[in-house]
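Read the structure below first, then the notes.
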């Protein structure tokens, strides 16, 4: 059963472009993880300040395997850190992970 993880990230006004830039800089870090099925970064189009990071996993075990992997740690380091520098200041002010399973839906023909 596909497991969905949604990281709801609160981003102050004017900081969203930096968040998107940081995600683009580490694009692909999770792609080879066992059980990984997809990723999306959703930008709000209204007055909300929460961006959503949605990942899809074959099952909960696959997600937990990713969390404990060296790839997770490396994928969450900034380009500056990977080059031996200091970590940049966080863009977000809050983050929480929501957990879901697919219970229904449809796929276009």
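Numbering (UniProt numbering), first residue to last: 1 to 109. Think of the CB as a built atom: it goes at the ideal place given N, C-alpha and C, for glycine as much as any other residue.
Based on DSSP bridge pairs, tell me the residues matched to residue i.
| i | result |
| --- | --- |
| residue 3 | 57 and 101 |
| residue 50 | 10 |
Identify whether residue i lies in helix, strand or coil by the three-state DSSP scheme.
| i | result |
| --- | --- |
| residue 8 | strand |
| residue 114 | Nothing about residue 114 can be reported from this structure: the residues present for the chain run from 1 to 109 only. |
| residue 38 | strand |
| residue 95 | strand |
| residue 24 | helix |
| residue 65 | helix |
| residue 84 | coil |
If you draw a straight line from the alpha carbon of residue i to that of residue j, how long is it in whole angstroms?
| i | j | result |
| --- | --- | --- |
| residue 46 | residue 13 | 12 Å |
| residue 35 | residue 16 | 29 Å |
| residue 7 | residue 109 | 30 Å |
| residue 91 | residue 44 | 16 Å |
| residue 20 | residue 50 | 13 Å |
| residue 67 | residue 99 | 14 Å |
Does residue i pass the burial test, meaning 16 or more other C-beta atoms within 10 Å, or should it be called exposed?
| i | result |
| --- | --- |
| residue 33 | buried |
Is the beta carbon of residue j closer than 9 Å to that of residue i?
| i | j | result |
| --- | --- | --- |
| residue 38 | residue 56 | yes |
| residue 42 | residue 30 | no |
| residue 97 | residue 2 | no |
| residue 4 | residue 95 | no |
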